[in-house]
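Undergrad:
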Amino acid sequence: MGTLRRATPADAEALTRLRGLMHQAMGTAELTEGWREACVLAFRRRLLADDFVAYGVEEDGRLVSCGVGWLEEHLPSPGQYDGRRGHIASMSTEPEWMRHGYAREVFGALLGWFAEQGVPRVDLRATDAGRPLYEEFGFRVLGGATMAWTAPGITPGMPGR
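All residue numbers for the sequence shown refer to this note's numbering, where the first residue is -13 and numbers rise by one.
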């Protein structure tokens, strides 16, 4: 059985590798070296912040499953005065380690971290494969019409964004 632990900046390359697997599973055709370098740097920087966390499961000294979470602050709404929201992303497990419960462990750790922060809402974008796990934890599809603007040169609707 693997070991669940909180990731550190030293794990940036492993987290990037696992994030790449997630992108490929969602249909991204090519992961460039430029993307890898930017992602490693982002993980190293973000893991030093108090509002960002990653958990992973290690097998034989190697991260084989991971997920990340961060805090965002939105304006209060009439139904939620505390505008803080958690966001979960980069849930990924190496194919040979799927069906060992590692994603469930990582997801539970992320939700525990948000609970410690007193965050009243956590959002995520689910793939068809991930949806059953998230529903087990009480997540539901909200509906609505999410829209986004992207700068020229950025591909709108890229999987995993």
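Cβ atoms here follow ideal geometry from the backbone N, Cα and C, with glycine treated the same way.
For a quick check, are the C-beta atoms of residue 40 and residue 53 less than 8 Å apart?
TA: Within the sequence shown, numbered from 1, the residue matching residue 40 stands at position 54. Within the sequence shown, numbered from 1, the residue matching residue 53 stands at position 67. Result yes, Cβ atoms of residue 40 and residue 53 sit closer than 8 Å.
Undergrad: If you run the structure through DSSP and keep just helix, strand and coil, what is residue 44?
TA: One-based indexing of the sequence shown puts residue 44 at position 58. The answer is strand: DSSP assigns residue 44 an E or B state.
Undergrad: Assuming residue 42 and residue 33 make a contact with CB atoms under 8 Å, what is their CB distance in whole Å?
TA: Counted from its first residue, the sequence shown places residue 42 at position 56. Counted from its first residue, the sequence shown places residue 33 at position 47. The Cβ separation is near 11 Å, so there is no contact.
Undergrad: Using only the alpha-carbon positions, how far apart do residue -11 and residue 105 sit?
TA: Locating residue -11 in the sequence shown gives position 3, where the first residue counts as 1. Locating residue 105 in the sequence shown gives position 119, where the first residue counts as 1. The straight-line gap from Cα to Cα measures roughly 26 Å.
Undergrad: According to DSSP, simplified to helix, strand and coil, what is residue 110?
TA: For the purposes of this step, residue 110 is taken as the residue at position 124 of the sequence shown. Residue 110 falls in the strand class under three-state DSSP.
Undergrad: Would the beta-carbon of residue 61 fall within 8 Å of that of residue 69?
TA: Along the sequence shown, read from residue 1 onward, the residue named residue 61 stands at position 75. Along the sequence shown, read from residue 1 onward, the residue named residue 69 stands at position 83. A contact, by the Cβ cut-off of 8 Å.
Undergrad: Assign residue 56 to one of three DSSP states: helix, strand, or coil.
TA: On the sequence shown, residue 56 is found 70 positions in, with the first residue counted as 1. Three-state result, residue 56: strand.
Undergrad: Based on the DSSP output, what are the partners of residue -9 in its beta bridges?
TA: Residue -9 sits at position 5 when you count from the first residue of the sequence shown. According to DSSP, which records beta bridges pairwise, residue -9 is partnered with 42.
Undergrad: What number of angstroms, rounded off, separates the C-alpha of residue 85 from the C-alpha of residue 92?
TA: Within the sequence shown, residue 85 is the residue found at index 99, counting from 1. Within the sequence shown, residue 92 is the residue found at index 106, counting from 1. C-alpha separation (whole angstroms): 13 Å.
Undergrad: Exposed or buried, which one is residue 79 when buried takes at least 16 other CB atoms within 10 Å?
TA: Start at 1 with the first residue of the sequence shown, and residue 79 comes out as number 93. Buried: at least 16 other Cβ atoms inside 10 Å.
Undergrad: What does DSSP give as the partner residues of residue 51 in its beta bridges?
TA: Working through the sequence shown from its first residue, we reach residue 51 at position 65. According to DSSP, which records beta bridges pairwise, residue 51 is partnered with 43 and 79.
Undergrad: Let's see if you can read the secondary structure: which residues bound the alpha helix (DSSP H) around residue 118?
TA: Counting from 1 along the sequence shown, the entry for residue 118 is found at position 132. 117 to 122 is the span of the alpha helix (DSSP H), which, as asked, contains residue 118.
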